[in-house]
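Asks: If you count the sequence shown from 1, position 446 lands on 1760 in my numbering, and the numbers rise without skipping. Using N, Cα and C, we set each Cβ at its ideal position, and we do this for glycine too.
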Amino acid sequence: MTAEPATTRPRRRRGRIVGVVLAGLLLVAAAAVWWRLPPDASAFAPIPTGALELEVEGEWSVGGFEVVLDPELAQLRVSHDRALLPPWETPPGEAFLTAAEGEAIFRDDYGLLRIADTHRITWTEQVVTRVEEQDDALLLEGALTDDAGGDVSGAADVPWSLTLSEAAPGRLDIEVAVASIAGALTPDRLHLAALLAEDERVMGMGGQTGSYDLRGRRVPVLAREQGIGRGAQPLSLLVDLAAAAAGGEDTAYLVSAVHLTDRFRSLVYRDTAIASLDLTATDRLVWEVWDDRASFTAVAAASPDEVLDVHATWMGTPSSPPEWTQQGLIAGLQGGTDQVRAKVAVLQEAEVPLAGVWLQDWVGQRTVDFGDRLQWNWVLDEGRYPGWDALVEELAADGIRVLTYASPFLSPDSGTASERAGGRDLFAEAEVAGYLVVDTAGATVLEDQRGFDAALVDLTHPEAREWLADVLIDEVLGVGASGFMADFSEGPPPDSVLYAGDGLTWRAAWPVLWQEVVADALDRAGTAEEVLVFHRTTHSRSVGAADAVWLGDQNQDWTPEDGLASVPSLLASASASGITHVHGDVGGYTSLALPVLSDVARDDELVLRWAEALLLNPVLRTHEGNRPDAVAQPAEDVELARQLGTTVRLFAALAAERARLAEASPFGLAQHHPWWHDPGDRELIGVADDLLQLGPDLVLAPVLQPGVDTVEARLPAGRWLHVPSGEVVDGGAEAAPVSVAAPVGSPALFARAGSLVAGELADHLAAEAARR
């Protein structure tokens, strides 16, 4: 009887040993995975804070703004009769301006620039020592003291200045500078704070995914490759392990510093140094700018539209897309002359209205592991497109325009191949002339593009800019094109050497530099009003520099991080920033053949739902994607094309409404969150984040999940006509979400009952019924 425990105890011990070994192996495996994972893309240093001391107090007027230094609250406060709340007020008792000397480490993964920043020293104790009225401006001065909060302590005090001036009605410009001390550590980071109510929402900052309200996040103002997956799991893990290229919600193509709160406040950074907006605190926002001086604007406004109108005085406004783009689909096609003819024939047989065809492979094609890519030498590949001129004329006879593709990159092997075929070698031309970005040794920087190398034209070099604009005029537009995709302007490596400085200095400004080159080409060619050029990357001033942009490379899946379900948030946040002429790729771009997991690849349903989600876009365009032979293609399937044609005709039926909206406002084509048009209903934020509204009279509730044929929508106040059924439903704060049928081909589009566009849509549906 006593022997039984002796026989079982070793088994238990062996079991424990096996368990420990397995746990150890799992830990080793986890450590190996962790070791292979890339670092965070945006590892910014924490925002330093400190105390504020006022040696001066009083009240001053700056145009229509009233400025107060309040000794009781130890606060700077700016008010305006037009504003519901002070356009700028600072956290009581705390420094509103701090500074730091930073040390950044960069890692560039195929254009996804990763940042790890630390503060070597911080200056956080702020004193206001002097206020001076200067003509129409107000100057504040003082000093910042080292608080020993960084890696180094004992630095000298840093003088600072802040100048306030009213640059336009409702626009308060804020010029901030922190001074360098000879022989001492030098501040190269500054921070400007503004008080927020705990429940105050913040929207905008370019094309952002996730919730419409950005509170709780730190948002970089730096365009980068956004990545593949962007946090959707387990795909992002696999992509990071294989290529360190998944990205996240902090990596974006469409960036902007323009934002506003649901109280219509807006404190915006206007320059182009690397910057970020910290919204992680419950009572404030804080700008960090990687410079020793910065320009900001605070806005006094009584509505969201007024906020953008004020910012338009410095960032500009876009021009409307050419009228021909409103006639139908711009079909993304590839394959050469014969294939394009065949694909156009399929679309025409399916009665898809065509405004244009976008032929990105006009320069030739190459195949790499990622899929089909292009030859980066912006000259027609006549071997791939024999009889190009005849093709352009043939399409024009049917009312179909041709668009092409270009970027500021040049590939040496593409140039060599072009020269062998009797064409120009643009890489060689640019390199000989000294127009390319170089390293510290003066050698051309060749960047890995996942299968080939390419160099970047130095867009800070005046002669290089003129040369590249000439290429766009002579080659890209000179082949009879009515526009092109203007791709790749995320910027040079930070340590590269440019004509006007280094890569770090110009990195964030690069999108606007590229857009300026394109605008110069269009102006000199005299085609600015007739062509459509759409850019992938933006900065704040892109609103006035780029007439059209697109959402960039999205996965061919349904995910809210990087697929179809990300579309509403991207469009709404971009629109809140003034980036209003924005569209997407119907069907997405990126497809992947994956081990273990299902492939990322679109089917017919995803293509059709994507087209419906982009129904309110200013232009409607398809893309064949990076692996066109592996995914659904409307131009190769007449039945799929026929179904797509239903949505394209509905898009064309909205042309008159888009024209009215564009005439009424330069921002009229914005696809806003419904709150924008009903700002009194703050509850819309959060419960209507998947809805899009075009003007006051159109609301779209896209289907964002597979296999779903109904949709729920929390509509704004008013009476709304459900366009497919003709039924009228009531919106409003007290109404429960309406549930409507939304089978493929019948998107949940709502028009305000009694509006002009509602009548036009009724006529369109009657015409569609007659077709059947």
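Relative to the C-alpha of D1784, which candidate in G1713, A1757, A1833 and A1742 has its C-alpha closest?
Replies: The count along the sequence shown starts at 1 and reaches residue 1784 at position 470. Of the listed residues, the one whose Cα sits closest to D1784 is A1833.
Asks: Can you give me the C-alpha to C-alpha distance between I1495 and A1470, rounded to a whole angstrom?
Replies: Taking the sequence shown and counting its residues from 1, the one referred to as residue 1495 is at position 181. Taking the sequence shown and counting its residues from 1, the one referred to as residue 1470 is at position 156. Computed Cα separation, rounded: 7 Å.
Asks: Run the CB neighbour count on E1369, radius 10 Å, all protein chains shown included, and call it buried at 16 or more, exposed below.
Replies: Residue 1369 sits at position 55 when you count from the first residue of the sequence shown. Classification for E1369: exposed.
Asks: Name the one or two DSSP bridge partners that P1473 has.
Replies: The residue labelled residue 1473 in the question sits at position 159 within the sequence shown. Partner(s): A1457.
Asks: Note down, in chain order, each residue of its chain lying with its Cβ closer than 6 Å to the Cβ of W1824, except the 5 sequence neighbours on either side.
Replies: Indexing the sequence shown from 1 puts residue 1824 at position 510. If we look at W1824 and ignore the five residues flanking it on each side, its Cβ neighbours are S1803 and G1805.
Asks: With C-beta atoms as the reference, is T1363 less than 8 Å away from E1415?
Replies: Along the sequence shown, one-based indexing puts residue 1363 at 49. Along the sequence shown, one-based indexing puts residue 1415 at 101. Going by C-beta atoms, T1363 is not nearer than 8 Å to E1415.
Asks: Per DSSP, Q1985 forms a beta bridge with which residues?
Replies: Residue numbering aside, residue 1985 sits at position 671 when the sequence shown is read from its first letter. Q1985 is bridged to L2008.
Asks: If we call anything under 8 Å between Cβ atoms a contact, is T1718 one with V1826?
Replies: Mapped onto the sequence shown, residue 1718 falls at position 404. Mapped onto the sequence shown, residue 1826 falls at position 512. Contact flag unset, no.
Asks: When burial is assigned at 16 or more other CB atoms within 10 Å of the CB, is S1580 buried or exposed?
Replies: For the purposes of this step, residue 1580 is taken as residue 266 along the sequence shown, with counting starting at 1. Buried.
Asks: Leaving out the 5 sequence neighbours to the left and right, which residues in its chain are closer than 8 Å to E1733 when beta-carbon positions are compared?
Replies: Walking along the sequence shown from the start, residue 1733 turns up at place 419. Result list for E1733: D1739 and A1742, in chain order.
Asks: Go ahead and pull the three-state DSSP assignment for V2071.
Replies: Mapped onto the sequence shown, residue 2071 falls at position 757. In the structure shown, V2071 sits in a helix (DSSP, three-state: H, G or I).
Asks: For D1913, which residues from the same chain have a beta carbon less than 6 Å from its beta carbon, with the 5 sequence-adjacent residues on both sides left out?
Replies: Taking the sequence shown and counting its residues from 1, one reaches residue 1913 at position 599. Result list for D1913: A1907, in chain order.
Asks: If we ignore side chains and look at the alpha-carbon of each, how far apart do A1835 and D1788 end up?
Replies: Residue numbering aside, residue 1835 sits at position 521 when the sequence shown is read from its first letter. Residue numbering aside, residue 1788 sits at position 474 when the sequence shown is read from its first letter. Near 9 Å, if we compare the C-alpha coordinates of D1788 and A1835.
Asks: What residues in its chain sit with their C-beta under 8 Å from that of A1966, if we drop five residues either side in the sequence?
Replies: For the purposes of this step, residue 1966 is taken as the residue at position 652 of the sequence shown. Closer than 8 Å at the Cβ level, and outside the excluded window around A1966, lie Q1640, Q1641, G1642 and P1667.
Asks: For the beta strand (DSSP E) holding P1882, just list the boundary residues, first then last.
Replies: Locating residue 1882 in the sequence shown gives position 568, counting from the first residue. No beta strand (DSSP E) holds P1882; the alpha helix (DSSP H) holding it covers V1881 to A1890.
Asks: If you draw a straight line from the C-alpha of G1982 to the C-alpha of L1593, how long is it?
Replies: Position 668 of the sequence shown holds residue 1982. Position 279 of the sequence shown holds residue 1593. Spanning the alpha carbons of G1982 and L1593 requires a straight line of approximately 29 Å.
Asks: Between the C-alpha atoms of H1433 and W1601, what's the straight-line distance to the nearest angstrom?
Replies: Taking the sequence shown and counting its residues from 1, one reaches residue 1433 at position 119. Taking the sequence shown and counting its residues from 1, one reaches residue 1601 at position 287. Computed Cα separation, rounded: 15 Å.
Asks: Helix, strand or coil for I1588? Go by DSSP, reduced to three states.
Replies: On the sequence shown, position 274 is the one that residue 1588 refers to. Coil at I1588, not helix or strand.
Asks: Grouping DSSP H, G and I as helix and E and B as strand, with all else coil, what is V1831?
Replies: Taking the first residue of the sequence shown as 1, we reach residue 1831 at position 517. Secondary structure at V1831: helix, using DSSP grouped into helix, strand and coil.
Asks: On the DSSP letters alone, give me the boundaries of the alpha helix (DSSP H) that P1726 sits inside.
Replies: Locating residue 1726 in the sequence shown gives position 412, counting from the first residue. Run containing P1726: P1726 to R1734, per the alpha helix (DSSP H) assignment.
Asks: Helix or strand or just coil, what does DSSP make of W1349?
Replies: As a position in the sequence shown, residue 1349 is number 35, starting the count at 1. Model confidence at W1349 stands at a pLDDT of 46, short of 50, so the residue's coordinates are unreliable; what they give is reported in the following sentence. Annotated three-state conformation of W1349 is helix, per DSSP.
Asks: Helix or strand or just coil, what does DSSP make of D1913?
Replies: Translated into the one-based positions of the sequence shown, residue 1913 becomes position 599. In this structure, D1913 counts as coil in the three-state DSSP scheme.
Asks: For D1431, is the classification buried or exposed, using 16 other Cβ atoms within 10 angstroms of its Cβ as the cut-off for buried?
Replies: Translated into positions along the sequence shown, residue 1431 becomes position 117. That one is buried.
Asks: Are R1972 and E2082 touching if we call contact CB-CB under 8 Å?
Replies: Residue numbering aside, residue 1972 sits at position 658 when the sequence shown is read from its first letter. Residue numbering aside, residue 2082 sits at position 768 when the sequence shown is read from its first letter. The answer is no: Cβ separation not under 8 Å.
Asks: Extract the residue ranges of the beta strand (DSSP E) inside the region 2022-2058, only unbroken runs of 3 or more that lie entirely within it.
Replies: 2024-2027, 2032-2036, 2041-2045 and 2052-2055
Asks: Starting from S1609 and walking both ways along the beta strand (DSSP E), at which residues does that stretch end?
Replies: Stepping through the sequence shown from its first residue, residue 1609 is reached at position 295. Here the beta strand (DSSP E) through S1609 covers R1607 to V1613.
Asks: What is the C-beta distance between Q1829 and A1778, in whole angstroms, given that I count them as a contact (C-beta under 8 Å)?
Replies: Within the sequence shown, residue 1829 is the residue found at index 515, counting from 1. Within the sequence shown, residue 1778 is the residue found at index 464, counting from 1. Their Cβ separation, rounded to whole angstroms, is 15 Å, which puts Q1829 and A1778 out of contact at 8 Å.
Asks: Enumerate in chain order the residues of its own chain whose CB-to-CB distance from V2017 is below 6 Å, with the five nearest sequence positions on each side excluded.
Replies: As a working note, residue 2017 is residue 703 in the sequence shown. Non-local beta-carbon contacts of V2017 in its own chain, meaning distances under 6 Å to residues more than five positions away in sequence, involve R1923, V2025 and A2056 in chain order.
Asks: Using a Cβ-Cβ cut-off of 6 Å (strictly less than) and excluding sequence neighbours within five positions of A1614, which residues of its own chain qualify?
Replies: Residue 1614 sits at position 300 when you count from the first residue of the sequence shown. The residues are H1394, R1396, A1397, P1401 and G1484.
Asks: Pick helix, strand or coil for I1999, following the three-state DSSP scheme.
Replies: The count along the sequence shown starts at 1 and reaches residue 1999 at position 685. Three-state result, I1999: helix.
Asks: Helix, strand or coil for D1739 per DSSP?
Replies: Within the sequence shown, numbered from 1, the residue matching residue 1739 stands at position 425. Note: D1739 maps to coil in three-state DSSP.
Asks: Can you tell me the Cβ-Cβ gap for A1984 and S1889, rounded? I've got them flagged as a contact below 8 Å.
Replies: Residue 1984 sits at position 670 when you count from the first residue of the sequence shown. Residue 1889 sits at position 575 when you count from the first residue of the sequence shown. Sure, about 4 Å apart at Cβ, within 8 Å.
Asks: Is the distance from the Cβ of R2066 to the Cβ of G2032 below 8 Å?
Replies: For the purposes of this step, residue 2066 is identified with residue 752 of the sequence shown, where counting begins at 1. For the purposes of this step, residue 2032 is identified with residue 718 of the sequence shown, where counting begins at 1. The criterion of a C-beta distance shorter than 8 Å is satisfied by R2066 and G2032.
Asks: Please look up how many angstroms separate the CB atoms of W2034 and G2045, rounded, as I've assumed it's under 8 Å.
Replies: For this step, residue 2034 is matched to residue 720 along the sequence shown. For this step, residue 2045 is matched to residue 731 along the sequence shown. Distance from W2034 to G2045 at the Cβ level is roughly 6 Å; contact confirmed, criterion being Cβ atoms closer than 8 Å.
Asks: DSSP state of T1432, grouped into three classes?
Replies: In the sequence shown, counting from the first residue as 1, residue 1432 sits at position 118. Strand, per DSSP.
Asks: With T1819 as the anchor, note down where its alpha helix (DSSP H) starts and where it stops.
Replies: Translated into positions along the sequence shown, residue 1819 becomes position 505. G1817 to W1820 is the span of the alpha helix (DSSP H), which, as asked, contains T1819.
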